[in-house]
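Reviewing the structure listed below.
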Amino acid sequence: MRITQGCFSFLPDLTDDQIVAQVEYCLSNDWAIGIEFTDDPHPRNTFWEMWGNPMFDLKDAAGVMMELKACRKANPDSYIRLNAFDSTRGFETVRMSFIVNRPKVEPKLDLTRTDVMGRRMDYTLKAMR
Amino acid sequence: MTDTPDASKAVDQPPATVDLAVEFAASGVGEILDELDRELVGLKPVKQRIREIAALLLVERARQKLGLSTETPTLHMSFTGNPGTGKTTVALRMANLLHRLGYVRKGHLVSVTRDDLVGQYIGHTAPKTKEILKKAMGGVLFIDEAYYLYRPDNERDYGQEAIEILLQVMENQRDDLVVILAGYGDRMDKFFASNPGFRSRIAHHIDFPDYSDDELLHIAETMLEGQNYHLNAEARALMAHYIELRRAQPLFANARSIRNALDRARLRQANRLFETASGPVGAEELSTIKAEDIAMSRVFQIAEAMSDKAAS
Chain Z
1 MRITQGCFSF LPDLTDDQIV AQVEYCLSND WAIGIEFTDD PHPRNTFWEM
51 WGNPMFDLKD AAGVMMELKA CRKANPDSYI RLNAFDSTRG FETVRMSFIV
101 NRPKVEPKLD LTRTDVMGRR MDYTLKAMR
Chain C
1 MTDTPDASKA VDQPPATVDL AVEFAASGVG EILDELDREL VGLKPVKQRI
51 REIAALLLVE RARQKLGLST ETPTLHMSFT GNPGTGKTTV ALRMANLLHR
101 LGYVRKGHLV SVTRDDLVGQ YIGHTAPKTK EILKKAMGGV LFIDEAYYLY
151 RPDNERDYGQ EAIEILLQVM ENQRDDLVVI LAGYGDRMDK FFASNPGFRS
201 RIAHHIDFPD YSDDELLHIA ETMLEGQNYH LNAEARALMA HYIELRRAQP
251 LFANARSIRN ALDRARLRQA NRLFETASGP VGAEELSTIK AEDIAMSRVF
301 QIAEAMSDKA AS
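These protein sequences, in sequence, are chains Z and C.
The first sequence: position 49 = 49 (the UniProt record's numbering), numbered continuously.
The second sequence: position 135 = 135 (the UniProt record's numbering), numbered continuously.
Have a look at this one:
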């Protein structure tokens, strides 16, 4: 099942040129870029593994692409996303986040209903592979 | 309607000729070269080399338009010369020049030394070097006193690791950044001799000559002008004498020594104004450096002591 979270996730996967263009846009706004990856796309899993520290003071997207390439090489079959951090308010806020790599076969999200007290129903999502 | 297919054909085909003069004017390189001539005193061979490089790049770009060229030329450079001969200043202009010619995308200069590249413990160097490289992408990486990267006396020195990463990026990402190594001539020669990989990856070796006495005097005046000061005639003569004496003394660093001397002269001038002024002082007085401000310099005393010793 195609995971949709962050920007552009309803569009076809971005090509490298398109990623470069997006990163250039982020850098032109003085946002720092961080690379994160995970194998668990559950929507509540907001903390993905960081691939190195977020990159500050970059001027060109080539630096980000270099790291992204290294991350793809190390984790070819996982989700990788780029986060852009804005520091204008004095703390780093995520302004933009988009997926740049997906596993070949994406896990399914399985919805489980559980009956609890009275007629209440609890729903749980679980990533199934 | 009939000429539409012709027009589309013309777009597909590369142009048959390229007017170099038009290209030159359009790139804005002429301005930078003129600026270089105007603002940097002396450095004839350096300017000549930069002109040549600019011409080469312009021709290369024209070739690319005609579909003749396939590869980006290697642009990594090494600047060698004594301290204070303007290596950093020229590197900054170089970044601008390469940007105008379209060989670097952003045209900024990242200036680093060994400390910025080499870590302090195992596993610290690679991320540190990579971080600097990432910051320099799209611009120029200027490594000052590059020979410190290689310490032959310590085989476990982490500098070697930084060198390896640098070489790799210099080779594989030639269109992303340009590396300029700088340092004193003899030590750079030794550095290149022990790191042949660097020598072969650097296309342009530019040697910065020392300034002559006249050029240094000219530099002194330009520096003062920039700060809205000027020398009176007497001070000018004394400054020329000062430069002559200072050159003979150890740790002479060309333009940098002159800048320091001028800073001290300004200090003395301020002091003199405080001690002697009675009543209000005018702009003329505030901006004139007189002979006595320079005459107090230690350089003259040392020179005197030396000549006394020689006489006795």
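From the three backbone atoms N, C-alpha and C, an ideal C-beta is built for every residue, glycine too.
All of these numbers come straight from a predicted model, not from anything done at the bench.
Endpoints, beta strand (DSSP E) assigned at Phe-98(Z): For Phe-98(Z), the enclosing beta strand (DSSP E) begins and ends at 93 to 101.
Closer than 8 Å to chain C by CB, Met-50(Z): Not an interface residue.
Cβ contact (3+ pairs, closer than 8 Å) linking the stretch 170 to 185 of chain C and the stretch 136 to 144 of chain C: Touching, per the Cβ criterion.
Spatial distance of Asn-96(C) from Glu-106(Z) (CA atoms): Answer to the nearest angstrom: the Cα atoms are 47 Å apart.
Proximal residues to Thr-114(Z) (C-beta, below 6 Å), its chain only, five neighbours per side dropped: These residues qualify, in order along the chain: Asp-122.
CB contact check: Tyr-229(C) to chain Z, cutoff 8 Å: Tyr-229(C) does not count as touching chain Z.
Bounding residues of the alpha helix (DSSP H) (the contiguous stretch that carries Phe-191(C)): Under the DSSP assignment, Phe-191(C) falls in the alpha helix (DSSP H) whose first and last residues are 185 to 194.
Val-111(C) - containing beta strand (DSSP E), residue span: Rather than Val, the amino acid found at residue 111(C) in this sequence is Ser. Segment 109 to 112, the beta strand (DSSP E) holding Ser-111(C).
Own chain, CB closer than 6 Å to Asn-101(Z), minus 5 neighbours either side, in chain order: Leaving aside the five residues that flank Asn-101(Z) on each side, the residues in its chain whose CB is nearer than 6 Å to its CB run, in chain order, Arg-72, Ile-80.
When Asp-13(Z), Ala-32(Z), Ala-21(Z) are compared against Thr-93(Z), the one with the closest alpha-carbon: The candidate whose alpha carbon is nearest that of Thr-93(Z) is Ala-32(Z).
Residues within the stretch 70 to 82 of chain Z neighbouring chain C, beta-carbon criterion of under 8 Å: From the stretch 70 to 82 of chain Z, no residue has a Cβ closer than 8 Å to chain C.
Chain Z contact residues for Arg-105(C), given Cβ-Cβ distances below 7 Å: Scanning chain Z for C-beta atoms nearer than 7 Å to the C-beta of Arg-105(C) yields Asp-60, reported in chain order.
Cβ pair Asp-213(C), Glu-244(C) closer than 8 Å: By the CB criterion at 8 Å, Asp-213(C) and Glu-244(C) fall inside the cutoff.
Under 8 Å between C-beta atoms of Ala-61(Z) and Glu-24(Z): Contact: yes.
With 16 other Cβ atoms within 10 Å as the buried cut-off, status of Lys-69(Z): Classification of Lys-69(Z): exposed, given that the 10 Å Cβ count is below 16.
Paired residues, beta bridge with Cys-7(Z) - DSSP: For Cys-7(Z), the pairing in a beta bridge is given by DSSP as Phe-98(Z).
Supposed close pair Ala-126(C), Ile-163(C) - CB separation, criterion 8 Å: Not really, about 12 Å apart at Cβ, beyond 8 Å.
Alpha helix (DSSP H) runs contained entirely in the stretch 67 to 106 of chain C, provided each spans 4 or more residues: Counting whole runs of 4 or more residues, the stretch 67 to 106 of chain C contains the alpha helix (DSSP H) stretches 87 to 101.
Beta-ladder partner(s) of Val-299(C), from DSSP: Looking at the DSSP output, Val-299(C) sits in no beta bridge, so it has no partner there.
Alpha-carbon spacing of Leu-66(C) relative to Glu-60(C), whole angstroms: Taking the straight line joining both Cα atoms gives about 10 Å.
Assigned secondary structure, Met-1(C) (DSSP; H/G/I helix, E/B strand, else coil): Confidence at Met-1(C) is low in this model, with a pLDDT of 42, below 50, so its placement is unreliable and no value can be given for it.
Nearest-angstrom beta carbon gap, Val-46(C) and Ile-219(C) [assumed within contact, 8 Å]: Not a contact, Cβ separation roughly 15 Å.
Other residues of its chain near Ala-303(C): CB distance less than 6 Å, five sequence neighbours each side excluded: Within the same chain, Leu-245 come within 6 Å of Ala-303(C) by CB-CB distance, once the 5 residues on both sides are set aside.
Endpoints, the alpha helix (DSSP H) within which Lys-44(C) is located: For Lys-44(C), the uninterrupted alpha helix (DSSP H) run begins and ends at 44 to 65, by DSSP.
Reduced DSSP secondary structure (H/G/I, E/B, other) of Met-1(Z): For Met-1(Z), the three-state secondary structure derived from DSSP is coil.
Alpha carbon of Thr-80(C) to alpha carbon of Tyr-147(C), nearest angstrom: Each residue's Cα considered, the two are about 11 Å apart.
Neighbouring residues, chain C, relative to Met-55(Z) (Cβ below 7 Å): Close partners of Met-55(Z) in chain C (Cβ separation under 7 Å): Lys-134.
Per-residue DSSP class, three states only, for Val-116(Z): Note: Val-116(Z) maps to coil in three-state DSSP.
Where Asp-116(C) sits in the DSSP three-state scheme: Helix at Asp-116(C).
Check whether Gly-183(C) and Glu-145(C) have beta carbons under 8 Å apart: Yes.
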